[in-house]
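Asks:
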Amino acid sequence: MSISIKKEIESYKGFVTKIINSVNNQFKHSTYNHLDDFINAYGNRIAGSKNLENAIDYILKKSDLYNLENVHGEEVQVPRWVRGKESATLLYPLYKDLLLGLGSSVGTPLEEIRATAVVVSSFDELYKLSKMLKGKIIVYNEKYSNYKETVVYRSDGASIASQYGAVATLIGSIAPFSLATAHTGWQHYAENVTKIPAACIIKEDANLLHGMYKRGKPIYIAIKMEAKTLTNAISSIIAEIMGNKLPDKVVVVSGHIDSWDVGEGAIDDGVGAFVS
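Per UniProt numbering: the sequence shown = residues 1 to 276.
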């Protein structure tokens, strides 16, 4: 490391010490405690919901209370995904309940979808089987490498399967391991594809189905989802702290207050919002 860089780093010692002292003194545990109060008061906050609207009002009032500047909300239109009732059942070769719907997924027709399942571990494998996928339910039992590389099966899996005529997709939770926990999350449809239902299943069930498929057992699954997407207006929160030395310069720090509907949103993204 060059001497000039070392000197620059050392020049920030006073600022860093001030921050550390603040965190360990008057602000100690305050962010955690405020987050704890927040998630217990408002719970899950899916975009467009009344819970999110109330949570936004709370943050605006808190921002005023702490004397932040230019505190206001800017109205934006957002998709409001409504989960509705949902179920997926393995009918053959054994009976077992499955499924947690993915955000933005369409629902099934009024009647449920019943179809034979094809289980794959990659898009390459899906492509090789493309001529036999029409009318099938695709189950992705993808191998986890890291989040960035693996999440594409959730985000793009339904669109890619739809191109080959599949009628629905199920995907193993995007995680290196599982304790029988299904993970919801966002998926999106590519342009000019038929939108098909997309849902998550626990890794244990994805492995179970894959094992059956490898042994040549026919797999028959029934899926019913009432999911739909509406549009709602919400407020995007703006609050400022004017700098002393460079008041005309802007540093943007952000987090999102909304969360998924199946948890309290403490980590995704309550922490990010409150640290912001």
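The C-beta atom is built at its ideal place from N, Cα and C for all residues, glycine as well.
These numbers were taken from a predicted model, which means no experiment stands behind them.
Relative to the C-alpha of ILE267, which candidate in PHE38, LEU102, LYS6 has its C-alpha closest?
Replies: Locating residue 267 in the sequence shown gives position 267, counting from the first residue. The option with the nearest alpha carbon to ILE267 is PHE38.
Asks: So within the stretch 79 to 111, which uninterrupted beta strand (DSSP E) runs reach at least 3 residues, ignoring any that extend past its ends?
Replies: Listed in chain order, they are 86 to 92, 96 to 98.
Asks: Sorted by chain position, which residues of the same chain lie with C-beta nearer than 6 Å to GLY157's C-beta, five sequence neighbours on each side aside?
Replies: Within the sequence shown, numbered from 1, the residue matching residue 157 stands at position 157. TYR140, THR169, ILE171, listed in sequence order.
Asks: Can you list, in chain order, the residues of its chain whose CB lies under 7 Å from that of VAL151, leaving out five sequence neighbours each side?
Replies: Counting from 1 along the sequence shown, the entry for residue 151 is found at position 151. Same-chain partners within the cutoff: ILE174.
Asks: Identify which residue in HIS256, PRO218, GLU125, SER11 has its Cα closest to the Cα of LYS143.
Replies: For the purposes of this step, residue 143 is taken as the residue at position 143 of the sequence shown. Measuring from the Cα of LYS143, the nearest candidate turns out to be GLU125.
Asks: Which value, in whole angstroms, describes the spacing of the CA atoms of VAL82 and LYS228?
Replies: Taking the first residue of the sequence shown as position 1, residue 82 is located at position 82. Taking the first residue of the sequence shown as position 1, residue 228 is located at position 228. Their backbone Cα atoms lie some 5 Å apart in a straight line.
Asks: Kindly indicate which three-state DSSP category VAL252 falls into: helix, strand or coil?
Replies: On the sequence shown, position 252 is the one that residue 252 refers to. VAL252: coil per DSSP, three-state reduction.
Asks: In whole angstroms, what is the alpha-carbon distance linking ILE196 and LYS134?
Replies: Position 196 of the sequence shown, counted from the start, is the residue given in the question as residue 196. Position 134 of the sequence shown, counted from the start, is the residue given in the question as residue 134. Their Cα atoms are separated by approximately 12 Å.
Asks: Among the residues of its own chain, which have a CB less than 6 Å from the CB of ILE234, if the five just before and after it don't count?
Replies: Here the question's residue 234 lines up with position 234 in the sequence shown. Cβ within range, chain order: VAL78.
Asks: Determine which residues share a DSSP beta bridge with MET225 and list them.
Replies: Your numbering for residue 225 matches position 225 in the sequence shown. According to DSSP, which records beta bridges pairwise, MET225 is partnered with GLU86.
Asks: Taking 8 Å as the cut-off, decide whether the C-beta atoms of GLN187 and SER276 are in contact.
Replies: Indexing the sequence shown from 1 puts residue 187 at position 187. Indexing the sequence shown from 1 puts residue 276 at position 276. Not a contact, by the Cβ cut-off of 8 Å.
Asks: Pull up the DSSP beta-bridge partners for TYR140, would you.
Replies: Residue mapping note: residue 140 aligns to position 140 of the sequence shown, counting from 1. According to DSSP, TYR140 bridges with VAL120, ILE171.
Asks: How many angstroms separate the CA atom of PRO93 from the CA atom of GLY263?
Replies: Walking along the sequence shown from the start, residue 93 turns up at place 93. Walking along the sequence shown from the start, residue 263 turns up at place 263. Rounded to the nearest angstrom, the two C-alpha atoms are 32 Å apart.
Asks: Okay, do the stretch 207 to 222 and the stretch 36 to 50 touch, 3+ Cβ pairs below 8 Å being the bar?
Replies: no
Asks: Quick check on the DSSP output: the beta strand (DSSP E) that includes ILE201 runs from which residue to which?
Replies: Residue numbering aside, residue 201 sits at position 201 when the sequence shown is read from its first letter. 198 to 201 is the extent of the beta strand (DSSP E) around ILE201.
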